[in-house]
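Let me begin by presenting the structure, written as C-alpha cells, before commenting on it.
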Amino acid sequence: MPCLSCNSILIFSIFFDVWKLSGTKAGIKFNLRITMDNELQLKVKEFILDKTFADKSKINNETLIFREGYLDSMGFTFLISFLEKEFAISLQDRDLIEENFESINAITSFVLKKKLS
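Per our numbering, the very first residue in the sequence shown carries number -16; after that it's consecutive.
Structure, rendered in C-alpha cells:
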C-alpha cells in the first residue's frame, strides 16, 4: 500500500520547485520594489511635512508643493541636500527642473530613476 504522506510530500516538493521556477523571484523583486517605493515616498513626505509651516493635512502625494507654497527656495535647498544624503544620489544641474520636484510622487519617481541609473 502506498504511503499517502510520502506522496503528499512529493507533490508538495514538485509544486514548490515549479513555483520557484515560475517567476516567483520576479514577484519577490516586484514586492520588494513596491516596499522600497513606499518607504522612499514616506521618507520624502515626512521630510516635507517637517519643513513646512502650512496646514499639513492638505498635503498629499499629488500636492504641488512649490506652486501651492508648501516649500520655498530655501526649502528646495534643504530638500536637495536631504535627497542626496538620504538616498545616496548625486544631483546635477540638469536634474533641477520643476517636473522632478513638483509633488511627493514626482520626487519619489525621480529618486528611483536616479538610483537605477
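Every residue, glycine too, gets a C-beta built ideally from N, C-alpha and C.
Cα-Cα separation between residue i and residue j, rounded to whole angstroms
| i | j | result |
| --- | --- | --- |
| Gly58 | Leu74 | 16 Å |
| Ala37 | Thr46 | 13 Å |
| Asp33 | Ile87 | 13 Å |
| Phe84 | Ser56 | 12 Å |
| Ala89 | Ser40 | 19 Å |
| Phe70 | Ser92 | 13 Å |
| Phe30 | Ser100 | 24 Å |
Beta-carbon gap between residue i and residue j smaller than 8 Å
| i | j | result |
| --- | --- | --- |
| Ile63 | Leu54 | no |
| Leu95 | Leu25 | no |
Status (buried if at least 16 other CB within 10 Å, exposed otherwise) for residue i
| i | result |
| --- | --- |
| Ile80 | exposed |
| Ile(-6) | Low confidence applies to Ile(-6): its pLDDT is 42, below 50, so where it sits in the model is not reliable enough to give any reading. |
| Lys98 | exposed |
| Lys28 | buried |
8 Å Cβ cutoff, residue i in contact with chain B
| i | result |
| --- | --- |
| Glu22 | Although the question refers to chain B, the structure presented lacks it and comprises just one protein chain. |
Where the alpha helix (DSSP H) containing residue i begins and where it ends
| i | result |
| --- | --- |
| Ile72 | No alpha helix (DSSP H) holds Ile72; DSSP gives it neither H nor E. |
Any non-hydrogen atom of the ligand SAH closer than 7 Å to residue i Cβ
| i | result |
| --- | --- |
| Arg50 | With respect to small molecules bound, the structure shown includes none, and the ligand SAH cannot be examined in it. |
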